[in-house]
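Beneath this line is the structure, given in structure tokens, with notes to follow.
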Amino acid sequence: MTKKQTMLKTIFNTIFVNTFNEVETQTSNNPQLDKKVITILLVVSFSLIFIQYFGNFQFLISTLKTIKLNGLANGLNSLQSNFPNARLFQLTYWVGILITFYFIIPVFIIKAFFKDKLSDYGLSPKGFFKNYKTYIVFFLFMVPLILLVSTTESFQHKYPFYNPKGESLFPNFVIWQCLYLTQFFALEFFFRGFMIHGIKKRFGFYSIFIMMIPYVMIHFQKPMPETIGAVFAGIILGALSLKSRSIWLGIAIHYSVAITMDLAALWQKGYFD
């Protein structure tokens with residue numbers, strides 16, 4: 209076996225085999241109704257529904273008018289009209305919705321109903337640097353794939369979400385990247401923190417694959433290669449979260465890949481020429 213094969217086998221065992229063995233020993237076989245699991249899966253379902261619809265600013269305005277909150281609707285419309293950058297407003301609003309349903313509501317459920325510590329749901333910084341080599345390997349593996357996919361028209365049409373055409377990267381593109389990083393924190397907490405660590409005692413290692421399904425589905429509006437990649441990313445990031453009991457490595461991986469995608473798209477469009 210070559211050195212490269214040995215390294216890949218070690219990484220596979222670390223991420224999957226060892227994680228499976230550790231988590232399965234903690235799985236609950238209690239036959240009683242698990243209200244916590246039911247609550248988490250319902251919160252996940254409704255959160256994704258509300259994000260899908262209320263992520264559209266005009267849907268929010270229409271809903272407010274339907275329930276006769278015309279004053280609030282007009283105020284929000286005025287805020288949008290007076291915002292100096294229409295695209296950045298839309299993205300800022302979208303990130304606000306994501307933070308609300310990916311982070312704020314799950315945190316409220318954890319603290320108010322479960323009475324649990326947030327560190328039990330992946331927010332503990334412990335274990336982050338322990339797996340830094342995995343981060344480096346994963347990122348280096350993704351870079352050539354990103355560069356390859358960035359040559360496609362569908363990729364360049366989709367990314368970056370904020371296209372700094374005709375302007376410098378500062379300040380708007382930089383502001384967007386800060387918002388982008390924040391939404392990745394919320395997303396990782398929702399899928400790899402709240403969901404995985406909330407149901408792992410019932411489903412053990414298989415909680416990764418339960419989480420993977422809705423995670424892949426939020427990619428349906430993106431280019432097909434990225435959606436297919438979400439299957440593998442969901443599994444790997446889920447396993448890393450279970451292994452380390454932390455989402456921070458996942459945030460680092462996810463955002464590093466995302467900003468590389470944005471910069472690759474700008475490069476292909478000739479922005480840096």
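Letter 132 of the sequence shown, counting from 1, is numbered 340 in the numbering used here, and no numbers are missing. Backbone N, C-alpha and C define an ideal beta-carbon position, used for all residues, glycine too. On a predicted model such as this, the values are computed, not experimentally measured, just so you know.
Cβ pair residue i, residue j closer than 8 Å
i: residue 244; j: residue 322; result: yes
i: residue 446; j: residue 467; result: no
i: residue 370; j: residue 378; result: no
i: residue 441; j: residue 364; result: no
i: residue 401; j: residue 287; result: no
i: residue 366; j: residue 431; result: yes
i: residue 420; j: residue 252; result: no
i: residue 457; j: residue 336; result: yes
i: residue 248; j: residue 412; result: no
i: residue 219; j: residue 347; result: no
i: residue 470; j: residue 368; result: yes
i: residue 376; j: residue 476; result: no
i: residue 454; j: residue 334; result: yes
Segment limits, alpha helix (DSSP H) that includes residue i
i: residue 437; result: 432-452
i: residue 465; result: 456-476
i: residue 287; result: 278-290
i: residue 387; result: 380-396
i: residue 222; result: Neither: residue 222 is in no alpha helix (DSSP H) and is coded neither H nor E.
i: residue 365; result: 361-366
i: residue 406; result: 404-411
i: residue 243; result: 243-262
i: residue 298; result: 294-307
i: residue 423; result: 415-425
i: residue 313; result: 313-317
Neighbourhood of residue i by C-beta, 8 Å cutoff - its chain only, sequence neighbours within 5 removed
i: residue 223; result: 342, 444, 447, 448 and 451
i: residue 306; result: 259, 263, 391, 394 and 395
i: residue 299; result: 369, 370, 384 and 387
i: residue 355; result: 472
i: residue 435; result: 424, 427 and 428
Simplified DSSP assignment, three categories, for residue i
i: residue 331; result: strand
i: residue 337; result: helix
i: residue 234; result: coil
i: residue 372; result: coil
i: residue 229; result: helix
i: residue 377; result: coil
i: residue 479; result: coil
i: residue 266; result: helix
i: residue 274; result: helix
i: residue 399; result: helix
i: residue 349; result: helix
i: residue 322; result: helix
i: residue 240; result: coil
i: residue 429; result: coil
i: residue 210; result: coil
6 Å Cβ shell around residue i - same chain, five flanking residues per side excluded
i: residue 372; result: 381
i: residue 267; result: 261
i: residue 389; result: 463
i: residue 439; result: 424
Sequence-distant residues of the same chain with beta carbon closer than 7 Å to residue i, five excluded per side
i: residue 315; result: 326
i: residue 295; result: 370
i: residue 285; result: 269
i: residue 280; result: 272
i: residue 328; result: 405
i: residue 362; result: 431
i: residue 297; result: 288 and 291
i: residue 324; result: 318
i: residue 211; result: none
i: residue 345; result: 219
i: residue 242; result: 410
i: residue 418; result: 407 and 411
Residue i Cβ short of 7 Å to the ligand MG heavy atom set
i: residue 440; result: This structure simply doesn't include the ligand MG, nor any ligand for that matter.
Minimum Cβ-Cβ distance from residue i to chain C less than 8 Å
i: residue 233; result: The structure shown contains no chain C; it holds only a single protein chain.
CB-CB length for residue i against residue j, believed under 8 Å
i: residue 235; j: residue 409; result: 6 Å
i: residue 255; j: residue 313; result: 6 Å
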